[in-house]
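Undergrad: There's a structure below that I have some questions on.
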Amino acid sequence: MVSDRAASAHLGVGARPGVPVDEVLALVGAVLREAGLTRAEVRSLGTLDARAAEPGVSGAAAVLGVPVRGFTAGELAAVPVPHPSAVPLAATGTASVAEAAALLAARGDTRDGGGAGAGGKAGGGAGAGTGAGTSAGASACAGTSACAGVPPGAESRAVLVVPKRKSRRVTCALALSVPVRPNEDAPGVRLLPLAHGYIAGEPGSPPTIPTPHTTAAMDMHTHTDAHDLRHHGDAEVRDEKLIDLAVNVRTNTPPDWLRERIADSLTGLAAYPDARAARAAVAERHDLPSNRVLLTAGAAEAFVLLARALPVRRPVVVHPQFTEPEAALRDAGHQVGRVLLREEDGFRLDPAAVPEDADLVVIGNPTNPTSVLHPAASIAALARPGRTLVVDEAFMDAVPGERESLAGRTDVPGLVVLRSLTKTWGLAGLRIGYVLAEPETVEALEGAQPLWPVSTPALVAAEACMSRVALAEAEHAAHRIGVERAHLLAGLAEFDEVRTVEGSEGPFVLLRIDGADAVRERLRSLGFAARRGDTFPGLDRNWLRIAVRDRVTTNRFLQALDQALLMGG
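If you want it as C-alpha cells, here you go:
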C-alpha cells in the first residue's frame with residue numbers, strides 16, 4: 030500500500046474570458062469537497078495556455094498558493110477524456126479542458142517533482158493521457174525516485190477522481206498523481222476516505238485506481254469504500270406517497286388466484302414446511318431432476334449461500350448490476366474484483382474482459398439496472414473448469430420466450446442460475462426464489478442453509494407459479510411489458526437531455542441525464558420516485574432507472590420529467 034500522503038492533487042480548469050475569481054474558487058471548493066480534500070492539498074492548477082493569464086484563473090491559483098500550468102490545445106487534445114463535450118471541442122480542440130488539464134498536470138507532477146513555483150507556469154507535455162480510472166505517466170517515473178512523493182521502486186499514475194463539474198462560465202476537474210509500487214498484490218490503491226456513497230474508481234467517485242481494460246474497466250481492488258451496496262429501490266418510496274417508478278415489481282400483483290392459494294396455505298402453518306412438492310414443480314418447469322434445484326428465501330439468500338459455502342479465491346462481479354452479490358461476498362470476507370462494462374459499448378458483455386483466474390463470476394441477465402439482455406452464448410463462454418458461473422435471471426421471466434436464458438442447461442460446467450418470483454408475481458414480502466445448479470453445488474449450498482429456510486406460504490406460491498396457467502400469464506405479462514416499455518422509450522426519445530441504453534429488454538430502462546441526481550429530487554417534488562443510479566458500480570450521479578408502468582402512468586411521468594427538466598433551466 031502507498032500512503033495517502035504520497036498522492037498529490039491537481040486541478041484542471043476551463044474558463045471563459047472575464048470569469049471572476051470568486052466563481053472559479055466556488056467551483057474549485059465544490060470539487061475539493063466532493064473529493065474530501067482541502068485547498069492545502071492541491072499542488073497545481075492546469076488550464077489551456079491561452080487562459081493561464083486570465084485574471085480569474087491566475088487569481089484563483091494565487092489564492093490557492095499553487096502554480097498555473099498552461100497546456101497547448103494540441104497537448105490537451107491528445108488526452109482522452111471520459112466526459113467529452115462538443116462546445117470546448119469546437120472552441121479549443123479538446124473535448125474537456127478541465128479533465129485533460131487535470132490529468133496532464135498530475136502526469137507532469139510524475140515527471141518534474143511538482144513543476145514551477147507558485148504563480149509559475151509548467152508545460153504538461155504531450156502524449157497519451159487517460160480517462161477516468163486509467164493511468165498515465167507511469168513510465169515517466171518507473172524505476173526512479175525523481176518524482177515528487179514517489180518512493181524508490183515505485184511508479185506513478187495520473188488518475189481522474191472528480192470528473193468535470195460545471196458552473197455558468199467555469200469547468201473544473203481533479204486528478205491525483207499516485208505512486209504505486211510494481212508487483213503489488215492488488216492493482217488498486219485506496220487513496221482517500223470515501224464519504225459520498227459513490228463507487229470507487231468511476232466517474233463522479235472518490236478515488237481508487239482500477240486496472241484498465243480495452244473494452245471494460247477491470248478493478249481488482251478490495252472494495253472497502255463507503256459505497257452503499259445495500260441501497261435498493263424501495264428506499265426511494267418508503268414512508269412517502271409517491272408514484273413508484275423505483276421498484277421493478279410488476280404492478281397489481283400478486284393476482285387474486287395467487288393470493289387465494291397463499292391464504293389457503295395458512296391453515297397448515299402448524300406443520301413444518303415441506304419443500305418436496307415445490308422443488309419437484311420447479312424441476313419439472315425447467316426439465317431438470319430435483320437434485321439440481323434448491324429453493325431459497327429469495328435470490329438474496331442464494332447470494333449469501335454462494336459467498337459462504339463455496340471455496341472461492343478470486344470472485345469477480347460484472348457491473349453495473351444488482352449489488353447484493355458483491356455485498357454478500359464482501360460480508361463473507363472475500364476480496365471482490367469488478368468488471369465494469371462501459372456505456373460506449375452499450376453495457377454489453379465482452380467475455381475477454383473477465384480475468385482467466387477468476388473462480389467465481391457473477392452476471393445478471395437481463396441486467397439490472399442496464400436492462401441489457403446478453404446473448405446466452407456470450408455468458409456461456411465465461412464457463413471454465415474450476416469456475417462457478419453465476420447468472421442472476423431474476424428478470425428473465427419478463428422477457429418474452431425467456432430467450433437467452435441458461436436455466437435448464439446442463440452442458441455448461443459450473444453453471445448456477447438464480448431465479449426470483451418477486452418481480453413478476455409481486456412476492457417481495459414473501460421471499461421466494463430458487464437455484465438451478467449441478468447436484469454437488471446444490472448440496473453444498475443446502476448444507477449452509479438453516480433448517481426450513483423457506484416458509485410454507487412461500488413454498489405454496491412457488492408451486493403455484495410453476496403451473497402452465499401461471500407460466501402463460503407470465504408470458505402474456507412479458508409481452509405487455511414490451512409494449513409499454515416501447516411507449517416509455519419513445520417518450521424519452523423526445524427529450525434532447527435524455528439518453529437511454531439501447532436495446533432494453535427488462536421491465537425497466539436506464540437513462541442518462543446531466544445532473545440526474547437533481548432531476549430525481551425534482552421528480553420527487555412532483556410526486557414520482559425514480560431509482561438513483563450512482564449506487565450501482567459503473568454508473569454515476571447522472572443516471573436514473575425507471576420502471577416500466579402502464580401507459581397512463583408513463584404519460585404522467587413524461588409530463589413530470591418535462592417539468593423537472595425545465596425547473597433546472
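When we follow the working numbering, the leftmost residue of the sequence shown carries the number 30, and every step to the right adds one.
Note that the Cβ used here is the ideal one computed from N, Cα and C, for glycine as well.
Where do the N-terminal and C-terminal ends of the beta strand (DSSP E) with I510 fall, by residue?
TA: Taking the sequence shown and counting its residues from 1, the one referred to as residue 510 is at position 481. From DSSP, I510 is part of no beta strand (DSSP E) but of the alpha helix (DSSP H) over R497 to L521.
Undergrad: Can you tell me whether P340 is buried or exposed? The criterion is at least 16 other CB atoms within 10 Å of its CB, across all chains shown.
TA: Looking up residue 340 in the sequence shown gives position 311. By the 10 Å Cβ count, P340 comes out exposed.
Undergrad: Under 8 Å: do the region 492-502 and the region 389-398 share three or more Cβ pairs, one atom per stretch?
TA: no
Undergrad: Would R271 and F557 qualify as a contact pair, given that the criterion is a beta-carbon distance under 8 Å?
TA: By one-based count along the sequence shown, residue 271 stands at place 242. By one-based count along the sequence shown, residue 557 stands at place 528. Checking the sequence shown, residue 271 turns out to be Leu, not Arg. Cβ distance < 8 Å, so L271 and F557 count as in contact.
Undergrad: Considering only the alpha carbon of each residue, which of G532, V527, P111 and A506 lies closest to A515?
TA: Within the sequence shown, residue 515 is the residue found at index 486, counting from 1. Residue G532 is the option with its Cα nearest to A515.
Undergrad: What is the DSSP secondary structure of P374, counted as helix, strand or coil?
TA: One-based indexing of the sequence shown puts residue 374 at position 345. Looking at the sequence provided, one finds Asp at residue 374 rather than Pro. Note: D374 maps to helix in three-state DSSP.
Undergrad: Shortest alpha-carbon distance to S400 belongs to which of L411, L418, A409 and G375?
TA: Counting from one through the sequence shown, the residue named residue 400 turns up at place 371. Closest by alpha carbon: G375.
Undergrad: May I have the straight-line CA-CA distance separating T360 from A306, to the nearest angstrom?
TA: Position 331 of the sequence shown, counted from the first residue, corresponds to residue 360. Position 277 of the sequence shown, counted from the first residue, corresponds to residue 306. Sequence inspection shows Asp at residue 360; the Thr mentioned does not correspond to that position. Cα-Cα distance, rounded: 33 Å.
Undergrad: Classify V419 as helix, strand or coil using the three-state DSSP reduction.
TA: Translated into positions along the sequence shown, residue 419 becomes position 390. Looking at V419 - three-state DSSP - the assignment turns out to be strand.
Undergrad: In the region 407-475, which residue ranges form an unbroken beta strand (DSSP E) of at least 3 residues, counting only runs that do not cross its ends?
TA: 417-421, 444-449 and 462-466
Undergrad: Please classify D273: is it buried, with 16 or more other beta-carbons within 10 angstroms of its beta-carbon, or exposed?
TA: As a first step, residue 273 must be located in the sequence shown, where it is residue number 244. Answer is buried; the Cβ neighbour count reaches 16.
Undergrad: By the 10 Å Cβ neighbour count, where 16 or more other Cβ atoms means buried, how is S554 classified, buried or exposed?
TA: Locating residue 554 in the sequence shown gives position 525, counting from the first residue. Counting Cβ neighbours within 10 Å, S554 comes out exposed, since fewer than 16 surround it.
Undergrad: On the CB-based measure, 16 or more other CB atoms within 10 Å of its CB, does E83 come out buried or exposed?
TA: Here residue 83 refers to the residue found at position 54 when the sequence shown is read from its first residue. For E83, the number of other beta carbons within 10 angstroms of its own is at least 16, and it is reported as buried.
Undergrad: What separation, rounded to the nearest whole angstrom, lies between the Cα atoms of L74 and V333?
TA: Here residue 74 refers to the residue found at position 45 when the sequence shown is read from its first residue. Here residue 333 refers to the residue found at position 304 when the sequence shown is read from its first residue. C-alpha separation (whole angstroms): 47 Å.
Undergrad: Tell me the rounded alpha-carbon separation between T325 and L132.
TA: Position 296 of the sequence shown holds residue 325. Position 103 of the sequence shown holds residue 132. If I take the Cα positions, the gap works out to 48 Å.
Undergrad: Just the C-alpha distance for H363 and R343, rounded to the nearest angstrom, thanks.
TA: Numbered from its first residue, the sequence shown carries residue 363 at position 334. Numbered from its first residue, the sequence shown carries residue 343 at position 314. So the two alpha carbons sit approximately 8 Å from each other.
Undergrad: Considering only the alpha carbon of each residue, which of A89, D546, E70 and A593 lies closest to G47?
TA: On the sequence shown, position 18 is the one that residue 47 refers to. Nearest C-alpha to G47: A89.
Undergrad: Taking only runs that begin and end inside the region 537-588, name each unbroken alpha helix (DSSP H) of 4 or more residues, in chain order.
TA: 545-554
Undergrad: Tell me whether H242 is buried or exposed, calling it buried when 16 or more other Cβ atoms sit within 10 Å of its Cβ.
TA: Here residue 242 refers to the residue found at position 213 of the sequence shown. With a pLDDT of only 33 at H242, under the threshold of 50, the placement of this residue in the model should not be trusted; the figure read from the coordinates follows. H242 comes out buried.
Undergrad: Below 8 Å on the Cβ atoms is my guess for R136 versus A187; work out the distance and round it to an integer in Å.
TA: Counted from its first residue, the sequence shown places residue 136 at position 107. Counted from its first residue, the sequence shown places residue 187 at position 158. Rounded, the Cβ-Cβ distance is 4 Å, consistent with contact.
Undergrad: Confirm, please, whether the CB-CB distance from A304 to L488 is below 8 Å.
TA: If you number the sequence shown from 1, residue 488 lands on position 459. If you number the sequence shown from 1, residue 304 lands on position 275. Yes; because the gap between Cβ atoms is below 8 Å, this pair is in contact.
Undergrad: Return the Cβ separation of P349 and G511 in integer angstroms, given the expectation that the two are a contact with Cβ distance under 8 Å.
TA: By one-based count along the sequence shown, residue 349 stands at place 320. By one-based count along the sequence shown, residue 511 stands at place 482. With 8 Å as the limit, P349 and G511 do not qualify as a contact, their Cβ atoms being about 22 Å apart.
Undergrad: Cβ atoms of P380 and L411: under 8 Å apart, would you say?
TA: The count along the sequence shown starts at 1 and reaches residue 411 at position 382. The count along the sequence shown starts at 1 and reaches residue 380 at position 351. In contact: L411 and P380 (Cβ atoms closer than 8 Å).
Undergrad: According to DSSP, simplified to helix, strand and coil, what is F100?
TA: Counting from 1 along the sequence shown, the entry for residue 100 is found at position 71. DSSP, reduced to helix, strand and coil, places F100 within a strand of the structure shown.
Undergrad: How about T451 and A506: do their beta carbons lie closer than 8 Å?
TA: By one-based count along the sequence shown, residue 451 stands at place 422. By one-based count along the sequence shown, residue 506 stands at place 477. Cβ atoms of T451 and A506: not closer than 8 Å.
Undergrad: Shortest alpha-carbon distance to R308 belongs to which of R197, A382 and V483?
TA: Along the sequence shown, one-based indexing puts residue 308 at 279. R308 has its Cα closest to that of V483, out of R197, A382 and V483.
Undergrad: Please classify L444: is it buried, with 16 or more other beta-carbons within 10 angstroms of its beta-carbon, or exposed?
TA: The residue you call residue 444 lines up with position 415 of the sequence shown. With 16 or more other Cβ atoms within 10 Å, it is buried.
Undergrad: Please determine, among F565, P111, G103 and L118, the residue with the shortest C-alpha to C-alpha distance to E355.
TA: Within the sequence shown, numbered from 1, the residue matching residue 355 stands at position 326. That would be F565, whose Cα lies nearest to the Cα of E355.
Undergrad: With 16 other CB atoms within 10 Å as the buried threshold, where does A346 fall?
TA: Against the sequence shown, residue 346 aligns to sequence position 317. A small fix is needed here, since residue 346 is Val in this sequence, not Ala. Buried, since its Cβ has 16 or more Cβ neighbours within 10 Å.
Undergrad: Does the region 463-483 come within contact of the region 395-409, defined as at least 3 CB pairs closer than 8 Å?
TA: no
Undergrad: My output table needs one value for R342: the three-state DSSP class, helix, strand or coil.
TA: Your numbering for residue 342 matches position 313 in the sequence shown. Reduced to three states, the DSSP call for R342 is coil.
Undergrad: Return the chain-ordered ranges of every alpha helix (DSSP H) run that is complete within the region 276-310 and spans a minimum of 4 residues.
TA: 285-294
Undergrad: When DSSP builds the beta bridges, which residues end up paired with C494?
TA: For the purposes of this step, residue 494 is taken as the residue at position 465 of the sequence shown. Paired residues: none, contrary to the question.
Undergrad: Whose C-alpha, out of A292, V97 and A127, is nearest the C-alpha of G192?
TA: For the purposes of this step, residue 192 is taken as residue 163 along the sequence shown, with counting starting at 1. In the sequence as displayed, the identity of residue 192 is Pro instead of Gly. That would be A127, whose Cα lies nearest to the Cα of P192.
Undergrad: What residue range does the alpha helix (DSSP H) around A91 cover?
TA: Counted from its first residue, the sequence shown places residue 91 at position 62. Its alpha helix (DSSP H) spans residues P84 to L93.
Undergrad: Find out if the Cβ-Cβ distance for the pair L573, A545 is shorter than 8 Å.
TA: If you number the sequence shown from 1, residue 573 lands on position 544. If you number the sequence shown from 1, residue 545 lands on position 516. With contacts defined by Cβ atoms closer than 8 Å, L573 and A545 form a contacting pair.
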